[in-house]
Amino acid sequence: MRSIHKRIFAVILLTGFTGCAVRPPRVPVRESPEIRVGLLEGLRRVEFTARDRFRIENEAGIPFGGGQPGSRWYAEVIQSVPGRVTYHLTAGSMHDRGEARRRAAELETKGIATEIRVSGRPLVLGGRVVTTNRQYRIFISGVFDTHEEAAAAGDSLGGLVRTSVTREVSRRPEGLLRVVNPATGQEYKSTGPILIRGASVTLHDFPVGSGFHWERTEDQTYPEIIQFDLDATGLLAVINRVPLEVYVEGVIPSEMPPGFPLEALKAQAVAARGKVLGAWGVVHQADPYDVCARVHCQVYSGLSKRDPRTDQAARETAGIVLFSGDRLVDAIFGGVCGGHTEDVDLAWGGQPYAYLKGTLDGPHALRRYGPLHIEENARRWIDAHPPSHCNTNRNPVPASLNYTKKYFRWEVRLTRDEIRQALAKRHIDIGDPVALIPLERGVSGRIVRLRIAGTRGETIIRGELNIRQALSPTTLWSSCFYVREAEDGFALKGAGWGHGVGMCQTGAAMMAEGGKKFDAILRHYYRDVQFRRLY
5 MRSIHKRIFA VILLTGFTGC AVRPPRVPVR ESPEIRVGLL EGLRRVEFTA
55 RDRFRIENEA GIPFGGGQPG SRWYAEVIQS VPGRVTYHLT AGSMHDRGEA
105 RRRAAELETK GIATEIRVSG RPLVLGGRVV TTNRQYRIFI SGVFDTHEEA
155 AAAGDSLGGL VRTSVTREVS RRPEGLLRVV NPATGQEYKS TGPILIRGAS
205 VTLHDFPVGS GFHWERTEDQ TYPEIIQFDL DATGLLAVIN RVPLEVYVEG
255 VIPSEMPPGF PLEALKAQAV AARGKVLGAW GVVHQADPYD VCARVHCQVY
305 SGLSKRDPRT DQAARETAGI VLFSGDRLVD AIFGGVCGGH TEDVDLAWGG
355 QPYAYLKGTL DGPHALRRYG PLHIEENARR WIDAHPPSHC NTNRNPVPAS
405 LNYTKKYFRW EVRLTRDEIR QALAKRHIDI GDPVALIPLE RGVSGRIVRL
455 RIAGTRGETI IRGELNIRQA LSPTTLWSSC FYVREAEDGF ALKGAGWGHG
505 VGMCQTGAAM MAEGGKKFDA ILRHYYRDVQ FRRLY
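Residue 539 is where the sequence shown ends in the numbering used here, and the numbering goes up by one at each step.
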């Protein structure tokens with residue numbers, strides 16, 4: 005997408021911060037780098053209002069005009085030519101070039117042609133490169149016109165390699181944008197981005213939780229700068245440009261209830277900050293923003309859920325991130341791990357980062373269940389209610405944690421017709437499902453490869469999220485489940501909510517409730533990491 009001028013901020017890089025002995029000073033948010041957050045895309049039009057007077061500018065800061073507080077406007081694409089979008093199969097990303105070459109060579113011996121491409125953008129603070137964020141992606145040769153074609157090609161490899169689909173824009177979109185106040189007749193057009201600056205902006209009928217059980221629409225308000233732009237398909241993209249610390253303040257209450265213990269909120273702040281910086285130049289390379297505001301990256305809701313306690317958590321950890329060696333930690337987190345976290349490579353493929361290895365979320369006594377990748381052990385584990393950190397059913401818990409009780413162990417029933425319809429959305433037709441057969445489980449017991457047999461054939465679903473979405477239109481809570489046949493379908497008995505990789509948010513809350521500080525919580529979930537304050 006169009007290049008946006010990158011500001012460099014004066015900062016001090018401190019290493020070896022312990023996370024508990026020193027209270028971080030308040031840091032002006034303007035000293036943190038600007039993040040471009042993709043809020044919406046694929047739209048023709050969006051309506052918005054602003055709390056105060058605002059300016060309408062182009063990307064160079066040249067004003068078009070302005071608007072009054074409370075006036076209702078809309079932004080839309082008048083005409084556009086889509087960009088040239090292609091899709092590719094990737095077989096993982098590595099930090100080490102030698103490891104990527106070895107992995108590519110293994111695939112070549114299986115008859116799979118590959119190439120290695122470099123991705124990532126250096127993170128520069130105060131004129132100093134903090135981390136290169138460089139990754140070596142293994143591309144499987146071949147270019148596809150649609151996501152479905154690429155995914156089908158991945159399936160045709162027959163389990164020889166776990167793949168994901170990457171989107172690439174080889175020709176940028178072009179078009180004409182405009183913002184309009186229908187009450188006054190004000191109208192401003194531009195062939196480039198249009199910026200709303202000087203006031204917080206409320207976007208109306210904002211979709212939340214698409215594809216999950218909390219899906220809905222609501223009005224949401226965002227600070228600083230709103231940018232209207234073209235997405236890769238030539239439709240409207242809405243972007244929020246904010247300093248990193250303002251972004252973190254908008255992430256914490258969207259990802260963790262403000263009623264959680266403060267030390268858990270501080271752990272969430274450090275994880276959220278590191279997660280977005282670790283994604284710098286790595287994700288959404290085909291889009292006009294750095295990260296999205298959805299579950300795919302991490303949920304960000306601007307000012308809509310801001311709370312004094314979560315703001316405090318961000319302020320008291322300002323600038324602090326986790327490193328593993330000279331690399332920023334991709335501080336992945338999830339809701340309820342169910343008693344054991346998962347290896348990142350088993351969940352999604354790619355490099356098996358040492359700091360994202362699955363671990364028991366509680367006392368060593370949990371080991372008596374045995375390795376959870378073994379089917380019999382996984383079933384016993386799911387049937388039990390072991391005393392793990394995230395088991396909020398065993399003892400009284402703060403009111404803010406009551407909602408988590410239903411996720412530790414659960415059961416759902418799916419009819420054959422519901423599964424058939426969910427598969428149809430993925431362009432899979434095997435007739436009526438007759439059996440769900442786990443082929444491979446991760447260290448947490450989560451299924452990472454599932455065979456679905458039907459009356460007209462069968463399919464194999466790979467990856468924990470793909471499995472959760474392939475079986476249910478609202479996404480199963482977890483892929484850690486076993487199956488029993490039931491009337492007109494299947495009963496799934498399961499454990500946990502989410503992918504299980506990295507920090508278990510409910511476990512973090514219970515550790516904090518037991519007196520653990522945020523640094524101890526983070527060290528429990530991310531192995532052998534160091535704390536650093538970047539500014």
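Beta carbons: idealized from backbone N, C-alpha and C, even for Gly.
Just curious, the beta strand (DSSP E) that residue i is in, first and last residue?
i: T167; result: Note, T167: premise wrong, no beta strand (DSSP E); not H, not E.
i: N185; result: 178 to 185
i: D233; result: 229 to 234
i: P67; result: 67 to 71
i: Q289; result: That residue, Q289, is in no beta strand (DSSP E); it is neither H nor E in DSSP.
i: E191; result: 190 to 194
i: D223; result: 220 to 226
i: L199; result: 198 to 201
i: Q302; result: Run containing Q302: none; DSSP gives neither H nor E here.
i: S328; result: 324 to 328
i: R537; result: 534 to 537
Could you tell me which residues DSSP pairs with residue i in its beta bridges?
i: V41; result: N244, V295
i: T463; result: I456
i: V340; result: W501
i: S123; result: Q139
i: A495; result: R417, R488
i: P442; result: L454
i: R331; result: S328
i: E172; result: T90
i: I144; result: L93, T118
i: V128; result: V133
Out of the options, which one is the CA nearest neighbour of residue i?
i: R453; options: R460, G467, G461; result: G467
i: G158; options: T150, T167, G87; result: T167
i: T363; options: W352, G353, G342; result: G342
i: G306; options: A64, K497, F210; result: F210
i: E415; options: H92, K497, E63; result: K497
i: V280; options: L269, I256, F264; result: I256
i: G87; options: G238, Q289, R488, D492; result: G238
i: A273; options: D291, R384, A322, V295; result: A322
i: Q190; options: G196, Y411, R182; result: R182
i: L480; options: D291, R450, V122; result: R450
i: G339; options: W501, E228, A117, E489; result: W501
i: G446; options: L376, V165, L427; result: L376
i: V122; options: Q139, K114, G130; result: Q139
i: G202; options: P67, R420, M515; result: P67
i: V81; options: S448, S145, V184, I142; result: V184
i: R430; options: T195, I471, N397, P197; result: I471
i: E491; options: L526, K521, R420, I464; result: R420
i: I120; options: R107, V128, L127; result: R107
i: D315; options: L266, A297, H389; result: L266
i: A268; options: V303, A512, R537; result: A512
i: C394; options: A499, Y359, A335, G354; result: A499
i: Y91; options: F143, P400, I60; result: F143
i: S194; options: L234, L111, H208; result: L234
i: I464; options: L111, R398, A495, L427; result: L427
i: R298; options: E219, G70, S145; result: E219
Alpha helix (DSSP H) containing residue i: first to last residue?
i: F412; result: 409 to 412
i: T478; result: Run containing T478: none; DSSP gives neither H nor E here.
i: Q509; result: 509 to 517
i: L207; result: Here L207 belongs to no alpha helix (DSSP H); instead the beta strand (DSSP E) covers 205 to 212.
i: H528; result: 522 to 529
i: K279; result: 266 to 282
i: T314; result: 312 to 320
i: E153; result: 151 to 159
(message) For the pair the segment 326 to 346 and the segment 501 to 508, tell me if three or more CB-CB distances fall below 8 Å.
(response) The segment 326 to 346 is in contact with the segment 501 to 508.
(request) Could you tell me which uninterrupted alpha helix (DSSP H) segments, each at least 4 residues in length, are contained entirely in the segment 352 to 440, listed from first to last along the chain? (result) Correct list: 379 to 387, 409 to 412, 420 to 428.
(message) Does the contact criterion of 3 or more C-beta pairs under 8 Å hold for the segment 42 to 57 versus the segment 65 to 76?
(response) Yes, they touch.
(request) Count the C-beta pairs between the segment 239 to 253 and the segment 36 to 51 that are closer than 8 Å, then say yes if the count reaches three, no if not. (result) Touching, yes, given that three or more Cβ pairs across the two stretches are closer than 8 Å.
(message) At 4 residues or longer, what runs of the alpha helix (DSSP H) sit wholly inside the segment 47 to 117?
(response) Taking 4 residues as the minimum length, the alpha helix (DSSP H) runs contained wholly in the segment 47 to 117 are 101 to 113, in order along the chain.
(message) Three or more C-beta pairs under 8 Å: does that hold for the segment 259 to 269 against the segment 397 to 416?
(response) Counting Cβ pairs under 8 Å, three or more are found: they touch.
(message) With three or more C-beta pairs closer than 8 Å as the rule, is the segment 137 to 157 touching the segment 360 to 380?
(response) Touching, no.
(message) Quick test of the definition: if touching needs 3 or more C-beta pairs under 8 Å, does the segment 308 to 319 touch the segment 410 to 425?
(response) The segment 308 to 319 vs the segment 410 to 425: no contact.
(request) Examine the Cβ distances between the segment 129 to 143 and the segment 325 to 336 and report whether three or more of them are shorter than 8 Å. (result) At 8 Å Cβ cutoff, the stretches touch.
(message) Under 8 Å: do the segment 457 to 465 and the segment 428 to 436 share three or more Cβ pairs, one atom per stretch?
(response) Because the criterion of three Cβ pairs below 8 Å is met, the segment 457 to 465 and the segment 428 to 436 touch.
(request) Say whether the segment 41 to 51 touches the segment 239 to 248, bearing in mind that this needs 3 or more beta-carbon pairs closer than 8 Å, one atom from each stretch. (result) Contact between the segment 41 to 51 and the segment 239 to 248 is present, because at least three Cβ pairs lie under 8 Å.
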